[in-house]
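Undergrad: Could you have a look at this structure, given as structure tokens, before my questions?
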Amino acid sequence: EPEVTQTPSHQVTQMGQEVILRCVPISNHLYFYWYRQILGQKVEFLVSFYNNEISEKSEIFDDQFSVERPDGSNFTLKIRSTKLEDSAMYFCASRDFPSEAFFGQGTRLTVV
Amino acid sequence: AQSVTQLDSQVPVFEEAPVELRCNYSSSVSVYLFWYVQYPNQGLQLLLKYLSGSTLVESINGFEAEFNKSQTSFHLRKPSVHISDTAEYFCAVSGQGAQKLVFGQGTRLTINP
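Spelled out as structure tokens, the structure:
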């Protein structure tokens, strides 16, 4: 069964450093998303991506964040100058239409 | 814009008892509805979905949910729970396009033996 793959599973970084979270969506899907889940809280939408551009972003997704689909298979989330409050589980998802979103296992980001 | 309310943050039940996890949504457009399950330290797995057609949808492990448009609800039910059902359950809504999913706050289901 096709699946969304995220790497790494866990990343520890120092405050102020840049991190790149990587995702390989399901190959024939056209819509891609990043969500985050702060420990014990709800799953929050960050950004959606379609046709090589951002289609929607939340207020969380400020200039600190960027997304890219560099090679037609990977979908990355870059967080510049990480802050303590960026510590969370980050989920990538992909979707075909009309259907559900398929989620990866997540990357746990810990900023120290 | 859509929003989802899961009224119960935690639901403790005994094994083999029935359970209902409540989900209400608001939207100005027609919607798709989903229940996702998150087992400890894992990602989000689809449990069941309503896209169109029959308002009663079922999963392979005995859960069912009914889309009630007039009450804007999509409650999740299971007639007899098992210890392995212990997890966090998230209700989600999206508009009828490939729009983002909006999640509720989640309901932690705890099964006691």
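From first to last, the protein sequence lines stand for chains A and B. The C-terminal residue of the first sequence carries number 905 in our numbering, and the numbering is unbroken. The C-terminal residue of the second sequence carries number 114 in our numbering, and the numbering is unbroken. Even for Gly, the Cβ is constructed at its ideal location relative to N, Cα and C.
1) How would you call residue 108 (chain B), buried or exposed, if buried means at least 16 neighbouring beta carbons within 10 angstroms?
2) In angstroms, rounded to a whole number, what distance separates the CA positions of residue 104 (chain B) and residue 836 (chain A)?
3) Counting Cβ pairs closer than 8 Å, one from the segment 846-855 of chain A and one from the segment 871-891 of chain A, do we hit at least three?
4) Residues in the segment 29-47 of chain B with C-beta within 8 Å of chain A's C-beta atoms, listed in sequence order?
5) Does the segment 861-869 of chain A come within contact of the segment 811-828 of chain A, defined as at least 3 CB pairs closer than 8 Å?
6) Would you mind working out which of A:880, A:877 and A:885 sits nearest residue 842 (chain A), comparing C-alpha positions?
7) Checking contacts by CB at 8 Å: is residue 894 (chain A) closer than that to chain B?
8) Bridge partners of residue 65 (chain B), per DSSP?
9) In the DSSP output, which residue or residues are listed as bridge partners for residue 84 (chain B)?
10) Note down the Cα distance separating residue 58 (chain B) from residue 806 (chain A), rounded to an integer number of angstroms.
11) Are residue 799 (chain A) and residue 897 (chain A) closer than 8 Å when you measure CB to CB?
12) Give me the Cα-Cα distance between residue 860 (chain A) and residue 826 (chain A), rounded to the nearest whole angstrom.
13) Where are the beta strand (DSSP E) runs, 3 residues long or more, that stay fully inside the segment 809-880 of chain A, in chain order?
TA: The answer reads as follows:
1) Here residue 108 (chain B) is buried: its Cβ has 16 or more other Cβ atoms, across all protein chains shown, within 10 Å.
2) Approximately 6 Å between the Cα atoms of the pair.
3) With a cut-off of 8 Å on Cβ pairs, the segment 846-855 of chain A is not in contact with the segment 871-891 of chain A, counting fewer than three such pairs.
4) Shown in chain order are the members of the segment 29-47 of chain B whose Cβ falls below 8 Å from a Cβ of chain A: 33, 35, 37, 43, 44, 45, 46 and 47.
5) By the Cβ criterion, the segment 861-869 of chain A is in contact with the segment 811-828 of chain A, since at least three pairs of Cβ atoms, one from each stretch, lie closer than 8 Å.
6) It is A:885.
7) Judged by the 8 Å Cβ criterion, residue 894 (chain A) is in contact with chain B.
8) Partner residues in the beta bridge of residue 65 (chain B), as assigned by DSSP, are B:59 and B:78.
9) Beta-bridge analysis with DSSP links residue 84 (chain B) to no other residue.
10) Rounded to the nearest angstrom, the two C-alpha atoms are 43 Å apart.
11) Their beta carbons are under 8 Å apart, which means residue 799 (chain A) touches residue 897 (chain A) by this criterion.
12) A straight-line Cα-Cα distance of about 10 Å links residue 860 (chain A) and residue 826 (chain A).
13) If we require 3 residues or more, the beta strand (DSSP E) runs fully inside the segment 809-880 of chain A come out as 812-817, 824-830, 836-843, 846-850, 858-861 and 868-872.
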